[in-house]
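Read through the structure below, which is laid out as structure tokens, and then see the notes.
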Amino acid sequence: MQEYDPIFVVDDDEVLRGQIVSYLLSHGYTATGFPDVSSAESALKTQNCSLLLLDIMLPGEDGLSFCRRLRSRSAVPIIFLSALGELTDRVVGLELGADDYLVKPFSSRELLARIRTLLRRMDSLPPFPTPPRPVKAYHFSGWTMEPRTRLLIDPSGLAGNLSAAEFRLLRAFLEHPHEVLERETLLEVIQRRSADVFDRVLDVQISRLRSRLGESAKEQRLIKTARGDGYLFAADVEKETE
Numbered sequence: 007m008q009e010y011d012p013i014f015v016v017d018d019d020e021v022l023r024g025q026i027v028s029y030l031l032s033h034g035y036t037a038t039g040f041p042d043v044s045s046a047e048s049a050l051k052t053q054n055c056s057l058l059l060l061d062i063m064l065p066g067e068d069g070l071s072f073c074r075r076l077r078s079r080s081a082v083p084i085i086f087l088s089a090l091g092e093l094t095d096r097v098v099g100l101e102l103g104a105d106d107y108l109v110k111p112f113s114s115r116e117l118l119a120r121i122r123t124l125l126r127r128m129d130s131l132p133p134f135p136t137p138p139r140p141v142k143a144y145h146f147s148g149w150t151m152e153p154r155t156r157l158l159i160d161p162s163g164l165a166g167n168l169s170a171a172e173f174r175l176l177r178a179f180l181e182h183p184h185e186v187l188e189r190e191t192l193l194e195v196i197q198r199r200s201a202d203v204f205d206r207v208l209d210v211q212i213s214r215l216r217s218r219l220g221e222s223a224k225e226q227r228l229i230k231t232a233r234g235d236g237y238l239f240a241a242d243v244e245k246e247t248e
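Numbering follows my numbering, in which position 157 of the sequence shown is assigned residue number 163; successive positions increment by one, without gaps.
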């Protein structure tokens with residue numbers, strides 16, 4: 007078997023993480039486990055990684071955010087591991103730059119097959135193209151949102167700071183305008199954890215974000231309710247890159 011750099015397994019479930027690492031080691035791969043994004047990112051600064059198995063719901067920074075940041079500078083293959091198995095969940099993960107998406111619970115044999123397939127595919131690809139330039143600002147309906155400062159600037163030029171949850175929620179909408187984002191996906195974005203008990207949190211954050219955007223009447227809303235499914239951002243978005 008061809009030798010590869012270590013496979014990084016990033017999952018806060020210690021038992022599952024250990025099982026995956028042990029299984030990969032037993033099949034000839036080098037594998038290292040990490041409980042969160044911070045520890046994995048620190049390791050990436052000093053060693054190469056052939057493939058990243060990345061949980062989405064992690065303590066601290068979530069897998070979606072890490073994938074987005076990593077894709078701006080690296081071609082390392084990424085397979086998301088997530089309990090969220092709806093089509094929209096998988097689409098969002100893949101659109102953010104993941105190469106594959108495996109729904110928990112999964113069989114070890116299926117995981118191994120997907121790893122082998124992805125590594126073979128990566129071996130046959132040409133060099134990674136120049137990554138897209140980071141987004142400096144999003145412009146929509148007279149508003150501006152600056153990712154680096156988390157400033158939301160209204161059409162009159164008045165600026166205000168978004169909370170962490172408001173920022174993650176708005177950025178998700180701005181990255182996917184005119185698309186219905188399901189409630190489970192948005193809950194994962196704002197809470198970074200399983201949200202079965204805290205479903206109302208999303209409605210509260212949506213209400214707060216609508217208020218920040220100065221929306222009162224339903225017909226004026228940039229954030230539309232897709233009843234029974236989730237929410238849709240109804241404005242065109244222009245990205246200003248650095």
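Note that beta-carbon positions come from the ideal geometry of N, C-alpha and C, so glycine has one too.
Keep in mind that this is a model prediction, so the values were computed, not measured.
Quiz item: In the DSSP assignment, what are the bridge partners of residue 13?
Solution: 37, 57, per the DSSP bridge assignment.
Quiz item: What do you get for residue 16, buried or exposed, if any count of 16 or more other CB atoms within 10 angstroms of its CB means buried?
Solution: Here residue 16 is buried: its Cβ has 16 or more other Cβ atoms, across all protein chains shown, within 10 Å.
Quiz item: Beta-carbon separation of residue 44 and residue 66 under 9 angstroms?
Solution: Closer than 9 angstroms, so yes.
Practice problem: Could you check the C-alpha separation between residue 229 and residue 239 for me, to the nearest Å? | Solution: Residue 229 and residue 239: Cα-Cα distance of roughly 5 angstroms.
Exercise. Compute the distance between the beta-carbons of residue 56 and residue 10, then report whether it is under 9 angstroms.
Key: For residue 56 and residue 10, yes; Cβs fall inside 9 angstroms.
Quiz prompt | Cβ-heavy atom distance, residue 16 to the ligand PLP, below 8 angstroms | solution = The ligand PLP is absent from the structure shown, which contains no ligand whatsoever.
Quiz item: Taking DSSP as the reference, what is the three-state secondary structure of residue 203?
Solution: Residue confidence for residue 203 is low, a pLDDT of 38 falling below 50, so the modelled location carries little weight and cannot support an answer.
Self-check item: C-alpha gap between residue 63 and residue 99, whole angstroms
Solution: If I take the Cα positions, the gap works out to 12 angstroms.
Quiz item: Exposed or buried, what is residue 155 when buried is set at 16 or more other beta-carbons lying within 10 Å of its beta-carbon?
Solution: Under this definition residue 155 is an exposed residue.
Quiz item: Is it the case that the Cβ atoms of residue 166 and residue 176 are separated by a distance below 9 angstroms?
Solution: Not a contact, by the Cβ cut-off of 9 angstroms.
Exercise. Please determine if the stretch 185-199 and the stretch 109-116 are in contact, where contact requires at least 3 C-beta pairs separated by less than 8 angstroms.
Key: The count of Cβ pairs closer than 8 angstroms, one atom from the stretch 185-199 and one from the stretch 109-116, stays below three, leaving the stretches out of contact.
Practice problem: Check each candidate in 96, 172, 208, 148 and name the one with the smallest Cα separation from residue 164. | Solution: Residue 148 is the option with its Cα nearest to residue 164.
Practice problem: Please classify residue 200: is it buried, with 16 or more other beta-carbons within 10 angstroms of its beta-carbon, or exposed? | Solution: With a pLDDT of 41 at residue 200, under the threshold of 50, the predicted position of this residue should be treated as unreliable, and no value is reported.
Self-check item: residue 162, DSSP secondary structure in three states
Solution: The DSSP-derived three-state label of residue 162 is coil.
Self-check item: Neighbourhood of residue 134 by C-beta distance below 7 angstroms, restricted to the same chain and skipping five residues each side
Solution: With a pLDDT of 49 at residue 134, under the threshold of 50, the modelled position of that residue is not reliable, and the figure given next carries that caveat. So the qualifying residues of the chain are 81.
Quiz item: Which whole-angstrom value is the C-beta distance of residue 256 and residue 14, which I expect to be below 8 angstroms?
Solution: With the chain covering 7 to 248 only, the question about residue 256 has no answer from this structure.
Exercise. For residue 83, count neighbouring C-beta atoms within 10 Å of its own C-beta (all shown protein chains included) and say buried if the count is 16 or more, exposed if not.
Key: Residue 83 comes out buried.
Quiz prompt | According to DSSP, residues forming a beta bridge with residue 151 | solution = According to DSSP, residue 151 bridges with 144, 158.
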